[in-house]
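Heads up: the sequence shown begins at 16 in my numbering, then just goes up one per residue.
Backbone N, C-alpha and C fix where the C-beta goes; we use that ideal spot for every residue, glycine too.
One structure is given below, encoded as structure tokens.
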Amino acid sequence: MPNRRLLCVLVSIAACLAAARDCRAQAWVPEQGDGAISFSYQRIDNTGHRLTDGAFVDAGHSLDMSLYLEGEYAITNRFTVTAGLPFVFTKYTDPNGPPPPIPYLPWEQCHCWQMGFQDFEFSGRYNLVSGRFAFTPVVAAVVPSQNYEYRGETALGRDLKELRIGFDVGQRLDRISRNLSVQGHYTYAFVERVLNIPDNRSNGSIEGVYVVKKRLALRGFSGWQVTHGGLQLGSMPPAALVFPGEVDTPELLAEHDRLLRDDNWRAGGGLAYSFNKVDVFANYIAYLSGTDTHAGRVVTVGFSVPFHTGRAHR
């Protein structure tokens, strides 16, 4: 496949994108013995909230930053494994507290930085179809690295185990350009239950990649999330479900930060440049719409160092 290395770089660094690292497409896998160590810095500016009816509220601003380390290795020409762990910094930046009955937590009142390791993520991908069209099932496990704080706008994460099952598909558009490809991704996440409330999730994405002069690649991206279950926080009167909606007991209030029915749509783009021994990348994603979710933007920059073990490529 032309420009294979740069395309593999793009799909390997997709794990560094978005709060999610759900939104990644990796239809083509590296060759046996190929691997990469990737490091990225990510900044998420949460500039407000979307209510249950989708209305935007300019409140609850916070800043999330993370340093993410991931390793990827191709055990065979079809089977690739990855492992990663982020270190997260969070800070409440809004001068005003959240509306009652949402608690205004002490570490939010002081606008202090909260920091710590978040969740280990392990995944395996097995390529069933390769060539101009590629189809690759994926299985991933998410395990909290510690019992971190999951409450409030400055939570390090949700502190929940997950099992994700899905697939990636890709198509090279040679009839248009040998440098152009599109990919799609879908996963269904089985999420650990809290208070016996189902909170499973679907994540999907579609992206286009165009390689310019072999070393530079441009990427456009759109991703979405649908939560199957969860709680709705309600909206402003005269909405059918008025705030605080289904979060109407002390027990639910204490757990609402990881139980909301977070549905959202995001889009963005980025670029990657391949040097002789290192690849650098930068990406931007905007939160476009959603319900019971944040509004904001994500900037990611980083680098990836490819390596090869065993017999050299011919």
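A residue is called buried when at least 16 other Cβ atoms come within 10 angstroms of its Cβ; Leu66 meets this threshold and is buried.
Ranked by Cα distance from Thr306, the first of His323, Leu246, Asp263 is Leu246. A residue is called buried once 16 or more other Cβ atoms fall within 10 Å of its Cβ, and Glu266, having fewer, is exposed. Residue state for Asp272 is assigned as helix, using DSSP reduced to three classes. As DSSP reads the structure, Met80 sits in a beta bridge with Arg58, Phe104. The segment 281-289 and the segment 245-260 do not touch, with fewer than three beta-carbon pairs separated by less than 8 angstroms.
By the Cβ neighbour-count rule, Gln240 is buried, with 16 or more other Cβ atoms within 10 Å of its own.
Rounded to whole angstroms, Tyr141 and Phe258 show a C-alpha spacing of 45 angstroms.
Around the beta carbon of Trp43, 16 or more other beta carbons sit within 10 angstroms, so the residue counts as buried. Taking the Cα of Thr105 as reference, the smallest distance to any Cα among Tyr119, Asp272, Gly172 is reached at Gly172. Ala301 and Pro116 have their C-alpha atoms some 29 angstroms from each other. The C-alpha of Thr62 lies about 11 angstroms from the C-alpha of Glu168. For the beta strand (DSSP E) assignment, the uninterrupted runs of no fewer than 3 residues enclosed by the segment 116-182 are, from N- to C-terminal side, 129-132, 134-141, 148-159.
No residue range can be given for Ser250, since it is assigned to no beta strand (DSSP E) and is classified by DSSP as neither H nor E. In the DSSP annotation of this structure, the continuous segment of the beta strand (DSSP E) that includes Gln240 starts and ends at 231-244. Ranking Phe132, Ser319, Asp278, Ser77 by CA distance to the CA of Trp122 puts Ser77 first. Around the Cβ of Ala170, a 10 Å sphere holds 16 or more other Cβ atoms; the residue is buried. Under DSSP, the beta-bridge partners assigned to Val206 are Glu177. Taking C-alpha positions only, Tyr203 is separated from Arg179 by approximately 5 angstroms.
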